[in-house]
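*Asks:*
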Amino acid sequence: PDTVQTLAAVAAFARGSTRITGIAHLRYKESDRIAAIERVLGSVGARVAVEADAVTITPGPLHGATVDPENDHRTAMSAAVIGLGAGGVRVAGAGCVEKSFPQFWNVLLEAGLL
Numbered sequence: 001p002d003t004v005q006t007l008a009a010v011a012a013f014a015r016g017s018t019r020i021t022g023i024a025h026l027r028y029k030e031s032d033r034i035a036a037i038e039r040v041l042g043s044v045g046a047r048v049a050v051e052a053d054a055v056t057i058t059p060g061p062l063h064g065a066t067v068d069p070e071n072d073h074r075t076a077m078s079a080a081v082i083g084l085g086a087g088g089v090r091v092a093g094a095g096c097v098e099k100s101f102p103q104f105w106n107v108l109l110e111a112g113l114l
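Structure, rendered in structure tokens:
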């Protein structure tokens, strides 16, 4: 369940639509992560169709955006994944990753990805 947002981020780069099911529980995490998937991916140009227990992500021309993870560490990290491929993605409140991966930004920097 903790990898759904990352999978959704990667789906934004797929050649076709990706449907992720069995995710209703994500509405009750640190934030409504289904809404976050829709908000974050939509802000960079992907289309997201939301159902009660599923999302379908259809890639589009991706572009940069400022993303507010609403203090959810997994939303921030998935936005970073999108930024690695799309470029120009800024994560506001990026320090929220401290909750689960304090070195997240340093790891990306040391890997030459930022």
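In full-length UniProt numbering, the protein residues as written are 1 to 114. Even glycine gets a Cβ: it sits at the ideal position worked out from N, Cα and C.
If you draw a straight line from the alpha carbon of Cys96 to that of Val89, how long is it in whole angstroms?
*Replies:* For the purposes of this step, residue 96 is identified with residue 96 of the sequence shown, where counting begins at 1. For the purposes of this step, residue 89 is identified with residue 89 of the sequence shown, where counting begins at 1. The alpha-carbon atoms of Cys96 and Val89 are separated by roughly 16 Å.
*Asks:* Using the Cα positions of Val10 and Val67, report the straight-line distance between them to the nearest angstrom.
*Replies:* Locating residue 10 in the sequence shown gives position 10, counting from the first residue. Locating residue 67 in the sequence shown gives position 67, counting from the first residue. Rounded to the nearest angstrom, the two C-alpha atoms are 16 Å apart.
*Asks:* What three-state label does DSSP hand Thr75 in the structure shown?
*Replies:* As a first step, residue 75 must be located in the sequence shown, where it is residue number 75. DSSP places Thr75 in helix when its eight states are reduced to three.
*Asks:* Can you list, in chain order, the stretches of the alpha helix (DSSP H) that have 4 or more residues and sit fully within the UniProt domain "Enolpyruvate transferase" (1-108)?
*Replies:* 4-11, 33-43 and 73-86, all fully within the UniProt domain "Enolpyruvate transferase" (1-108).
*Asks:* Measuring alpha carbon to alpha carbon, tell me which of Ala46, Val55 and Val40 ends up nearest Asp72.
*Replies:* Working through the sequence shown from its first residue, we reach residue 72 at position 72. Looking at the Cα atoms, Val40 is the closest of the given residues.
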